[in-house]
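Participant: Can you read through this structure? Questions will come right after.
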Amino acid sequence: MLLLAILLGTTVCMTGVQCQKDEVLVEAGSLAVLPVQNTVWRIEQSGLEFRGVGPAQRSRCPHSEFGKGDFNLHIEGVRPEDGGEYICRFSRGGWEEKKHVFLWVIQVSVSPPLPLEGSEVAVACNVTPWPDWASVSWKLDGTPVSQQQKQRRARNMKEQKILSVSPQDVGNWTCTVRLRGKEGKATQMLSMRGISSPLKDMTPVYAAVGSSAVLPCVYTKGLALEKTSWERKRNGESSFNPVLRPPIPSPKRPLWDRSLWLESVEQQDEGMYRCSGEVEGRILQRHLLLVTAQVRSMVPVKPNAPVTLTCDVSNDTGVTGYEWVRVTYNLNGTQTVNEKQKSKTLKIQKMTEEFSGEWADLRVNRQEDLHPKRKMILQYPALETIVHSTSNAREKRERNRVREKEQVHQTEI
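The opening position of the sequence shown corresponds to residue 1 in UniProt numbering, with each subsequent residue numbered one higher.
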């Protein structure tokens, strides 16, 4: 009979015993497969015997694979305490073979688990048991930790200690452990309590003049807010001044939503806004840039003269292009959008039926770390009035011409 025994422990290879060694690196919580491949020349009627030591409730050797020489040990939901050396022993008569597999369990931990914005937090890469000769590298959301980020942290191979956690630290932290040509990875999400919207500072908010706008400032649910305020700094000003407008007036608004509502945006509302709040003795802040936009027109004095429309924005930083579109509606109210021109200024040479309807300026904006591209439509229904007025003038001239012909005809009679 062929005897198969898988043990957890430490042994040394002795004379007359053939030994093989292997290493496996896995993330805590995943499935660990400890590979053991052996040629089975003959299976007695009594079959194979499996004796296990260690995480017996979560480990198994699929017996259906034994005939193929596959004696892999599967450990479900591997834990740090499962790390160590495993030994698979084959014996038959006076012949014996051993397979040594060392299991390294990798786990990323965040301490404290949910830090407050601005506080200190440690992101550690734990390997059980720890191999002194291993190398560790870090990535944040798939991007290697940059030199600038390293300067903000007390860093060693096993741990990233963030001295003041900020929105740019939020994301999936992955540590990669490399050991003698093999590697394993583990990932942990770092979240924080603080201002959840907007998550990042210097967030732009775009609003058309005359429309309503909301400047978001939402804190993590359940935070005890001691003081909150809104301040504003106009272009050219050196300091912030208090905003007298109240936050969003809604009885259903939760206490942690301190967003600012602008009922009707005016051009002079543009500029930098700052939302501040005190939480657990720390001052949390976000800066938002309100960009106002409107369509200006040069209305012709003479009939059928060119009409020029210009898209005017208070701050064009991040704007990558302008697109003018014509919006029309059928009798059922179905909207049709037709692209006309890609430029900041639209010039209509002659007012005809082709240009009647509602015009809009579609602004395409690209900001760092914002996906997909932001888009905003500035409607310009006033052009419809211009077209209508021109058409009325044409119809009036035509009626006068017909009336004059009728008068001449009556006179001749």
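All C-beta atoms in this analysis are idealised placements derived from N, C-alpha and C, irrespective of residue type, glycine included.
In the segment 71–153, which residue ranges form an unbroken beta strand (DSSP E) of at least 3 residues, counting only runs that do not cross its ends?
Facilitator: DSSP runs (the beta strand (DSSP E)) wholly in the segment 71–153: 73–75, 84–92, 95–111, 121–128 and 135–140.
Participant: So, with DSSP's three-state summary, where would you put P216?
Facilitator: Here P216 sits in coil by DSSP.
Participant: Between M272 and V295, what straight-line distance do the alpha-carbon atoms span, to the nearest angstrom?
Facilitator: Whole-angstrom Cα-Cα distance: 22 angstroms.
Participant: Along the chain, where does the beta strand (DSSP E) that runs through residue 479 open and close?
Facilitator: Outside the shown range of the chain, which is 1 to 413, sits residue 479, and nothing can be said about it.
Participant: Which same chain residues end up closer than 6 angstroms to M298 when comparing Cβ atoms and leaving out the 5 residues on each side of it in sequence?
Facilitator: Only T308 meet the Cβ criterion.
Participant: Who are S59's beta bridge partners in DSSP?
Facilitator: Answer is I75, bridged to S59.
Participant: Can you tell me where the beta strand (DSSP E) holding R286 begins and where it ends?
Facilitator: R286 -> beta strand (DSSP E) spans R282 to M298.
Participant: Classify residue 445 as helix, strand or coil using the three-state DSSP reduction.
Facilitator: No statement about residue 445 is possible, as the shown extent of the chain runs from 1 to 413 and does not include it.
Participant: Taking Cβ to Cβ, would you say D169 is nearer than 8 angstroms to R286?
Facilitator: Going by C-beta atoms, D169 is not nearer than 8 angstroms to R286.
Participant: Could you tell me whether the Cβ atoms of L289 and N315 are closer together than 8 angstroms?
Facilitator: Yes.
Participant: Measure the Cβ-Cβ separation of K99 and V36 and say whether it is below 8 angstroms.
Facilitator: It is a contact, given that the beta carbons lie within the stated cut-off.
Participant: Which two residues bound the contiguous beta strand (DSSP E) that contains G171?
Facilitator: Unbroken beta strand (DSSP E) run through G171: G171 to L179.
Participant: For S196, count neighbouring C-beta atoms within 10 Å of its own C-beta (all shown protein chains included) and say buried if the count is 16 or more, exposed if not.
Facilitator: Result: buried.
Participant: Assign V108 to one of two classes, buried (16 or more other C-beta atoms within 10 Å of its C-beta) or exposed (fewer than that).
Facilitator: Buried.
Participant: Closer than 8 angstroms is the cut-off here; do at least three beta carbon pairs connect the segment 62–82 with the segment 110–119?
Facilitator: Verdict: no, contact absent.
Participant: Contact between the segment 172–191 and the segment 223–241: three or more CB pairs below 8 angstroms?
Facilitator: Cβ pair count under 8 angstroms is below three, so no.
Participant: Quick one: Cα of residue 429 to Cα of E27, how far?
Facilitator: Outside the shown range of the chain (1 to 413) lies residue 429, about which nothing can therefore be said.
Participant: Buried or exposed, going by whether 16 or more other CB atoms sit within 10 Å of the CB of D82?
Facilitator: D82 comes out buried.
Participant: Would V78 be called buried (16 or more neighbouring beta carbons within 10 Å of its own) or exposed?
Facilitator: Buried, since its Cβ has 16 or more Cβ neighbours within 10 Å.
Participant: For S64, which three-state DSSP category applies?
Facilitator: Three-state DSSP puts S64 in a helix.
Participant: Excluding sequence positions up to five away, which residues of its chain have a Cβ less than 6 angstroms from the Cβ of S164?
Facilitator: Once the five neighbours on either side are set aside, the close Cβ partners of S164 are G118.
Participant: Among the residues of its own chain, which have a CB less than 7 angstroms from the CB of G264, if the five just before and after it don't count?
Facilitator: Rather than Gly, the amino acid found at residue 264 in this sequence is Ser. Around S264: G210 and S212.
Participant: So, at 7 angstroms on beta carbons, what are the nonlocal neighbours of L370 in its own chain, with the 5 sequence-adjacent residues on each side left out?
Facilitator: With a pLDDT of 39 at L370, under the threshold of 50, the predicted position of this residue should be treated as unreliable, though the coordinate-derived value follows. Within the same chain, L370 has no close Cβ partners at all.
Participant: Exposed or buried, V214, counting other C-beta atoms within 10 Å across all chains shown (16 or more means buried)?
Facilitator: It counts as exposed.
Participant: Do the CB positions of K227 and G171 come within less than 8 angstroms of each other?
Facilitator: Going by C-beta atoms, K227 is not nearer than 8 angstroms to G171.
Participant: Please name the residue or residues paired with P198 in a DSSP beta bridge.
Facilitator: Answer is none; P198 lacks a bridge partner.
Participant: Can you pull the DSSP bridge partners for W230?
Facilitator: DSSP output for W230 lists C275 as bridge partner(s).
Participant: Less than 8 angstroms separating the beta-carbons of V205 and C175?
Facilitator: It is not a contact, given that the beta carbons lie outside the stated cut-off.
Participant: With DSSP run on the structure shown, which of helix, strand or coil describes Q335?
Facilitator: It is a strand residue.
Participant: Spell out the partners DSSP gives K347 in its beta bridges.
Facilitator: For K347, which the question treats as bridged, DSSP gives the partners T308.
Participant: For the candidate residues S59, W130 and D312, whose alpha-carbon lies nearest to that of residue 476?
Facilitator: For the chain, the structure presents residues 1 to 413; residue 476 sits outside this window and is missing.
Participant: What first and last residue would you give for the beta strand (DSSP E) that runs through Q160?
Facilitator: Q160 -> beta strand (DSSP E) spans E159 to I162.
Participant: Are the C-beta of R282 and some C-beta of chain B separated by less than 8 angstroms?
Facilitator: In summary, chain B is missing from the structure at hand, where a single protein chain is found.
Participant: So if DSSP puts D22 in a beta bridge, which residue, or which two residues, is it bridged to?
Facilitator: Note: D22 sits in a beta bridge opposite V101.
Participant: Please return the same chain residues whose Cβ sits closer than 6 angstroms to the Cβ of residue 425, not counting the five positions on each side in sequence.
Facilitator: Residue 425 lies beyond the range of the chain shown here (1 to 413); nothing can be said about it.
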